[in-house]
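Worksheet for the structure shown next.
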Amino acid sequence: MRPVRSYLLFLSLLLPLNTAVASEPASTKRFGDYVIHYSPFNSTFVTPQVAKSYALTRDKRTGLVNIAVHYKGKPVKADIKGEAANLLQQKEALTFRLIDEGEAVYYLAPFRFTNEELLRFTVTVTPEQGDGSPMTVRFSRKFYEG
Numbered sequence: 484m485r486p487v488r489s490y491l492l493f494l495s496l497l498l499p500l501n502t503a504v505a506s507e508p509a510s511t512k513r514f515g516d517y518v519i520h521y522s523p524f525n526s527t528f529v530t531p532q533v534a535k536s537y538a539l540t541r542d543k544r545t546g547l548v549n550i551a552v553h554y555k556g557k558p559v560k561a562d563i564k565g566e567a568a569n570l571l572q573q574k575e576a577l578t579f580r581l582i583d584e585g586e587a588v589y590y591l592a593p594f595r596f597t598n599e600e601l602l603r604f605t606v607t608v609t610p611e612q613g614d615g616s617p618m619t620v621r622f623s624r625k626f627y628e629g
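Start counting the sequence shown at 484; every next residue gets the next number (the numbering used here).
This is the structure we're talking about:
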């Protein structure tokens, strides 16, 4: 059952990349040998089955941020902290949860939004391996109720 669940989660996390906003695919930022992949999306893009399997909230005003960290092409674990801020500078701390699928390691954090709200994300990643230097990515995305 676990491989099927993993496959469904993988597919559901790819869905926003293809349907949410065609001009804004998942993004990456490189820091030397490290690459940070980030993708914020509406939680309704996750199928009900996958949401239940991973205890994720599906709601038209709830989004998820997906963060993955790679070192020389291999997934690595990291300490990840972040926040989302709207245009009024109202901030929400992001609490990331590790999803370890063996070959895939990524982190998900839920956040709230209102319809047509532009959010600015600041995420700081400190990999478990390496010199412990934090790496910060900043990105913005506009969200619509789904």
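We treat Cβ as the ideally placed atom computed from N, Cα and C, and that holds for glycine.
Taking a contact to mean a Cβ-Cβ separation below 8 angstroms, would you say residue i touches residue j in this structure?
i              : j              : result
alanine 534    : valine 608     : no
leucine 591    : asparagine 549 : yes
isoleucine 519 : valine 559     : no
proline 610    : tyrosine 554   : yes
Take residue i as the anchor and find which of the options has the nearest alpha-carbon.
i             : options                           : result
arginine 621  : Glu611, Thr605, Ala538 and Gly613 : Thr605
glycine 615   : Thr578, Leu577, Ile563 and Gly556 : Ile563
glycine 556   : Thr530, Gln612, Asp516 and Gly613 : Asp516
threonine 462 : Pro523, Val552 and Lys625         : Because the chain is modelled from 484 through 629, residue 462 falls outside the range shown and cannot be assessed.
glycine 629   : Gln612, Ser522 and Thr527         : Thr527
threonine 578 : Arg595, Ala587 and Glu586         : Arg595
glutamate 599 : Ser623, Gly613 and Ala551         : Ser623
threonine 619 : Pro593, Gln612, Gly613 and Gly565 : Gly565
Where does residue i land, buried or exposed, given buried means 16+ other C-beta within 10 angstroms?
i            : result
arginine 513 : exposed
leucine 601  : exposed
tyrosine 627 : exposed
serine 506   : At serine 506, the pLDDT of 37 sits below 50, so the modelled position is not reliable; the number obtained from the coordinates is stated separately. Answer is exposed; the Cβ neighbour count stays below 16.
proline 523  : buried
alanine 567  : buried
proline 617  : exposed
proline 508  : Residue placement at proline 508 is flagged as unreliable, the pLDDT there being 42, under the threshold of 50; the coordinate-derived value follows with that caveat. Exposed: under 16 other Cβ atoms inside 10 Å.
alanine 538  : exposed
alanine 576  : exposed
alanine 587  : exposed
valine 504   : Only weak support is given to the placement of valine 504: the predicted model assigns it a pLDDT of 39, under 50, and the question is left unresolved by the model.
- [ ] Kindly confirm or deny that the segment 524–534 and the segment 582–590 touch, where touching means at least three C-beta pairs closer than 8 angstroms.
- [x] In this structure the segment 524–534 does not lie against the segment 582–590, because fewer than three pairs of beta carbons, one per stretch, are closer than 8 angstroms.
- [ ] Examine the Cβ distances between the segment 536–555 and the segment 568–575 and report whether three or more of them are shorter than 8 angstroms.
- [x] No: fewer than three Cβ pairs fall under 8 angstroms.
TODO: Please specify which runs of the alpha helix (DSSP H), each continuous and at least 4 residues long, are wholly inside the segment 514–577, giving them in chain order.
DONE: Within the segment 514–577, the complete alpha helix (DSSP H) runs of at least 4 residues are 531–536.
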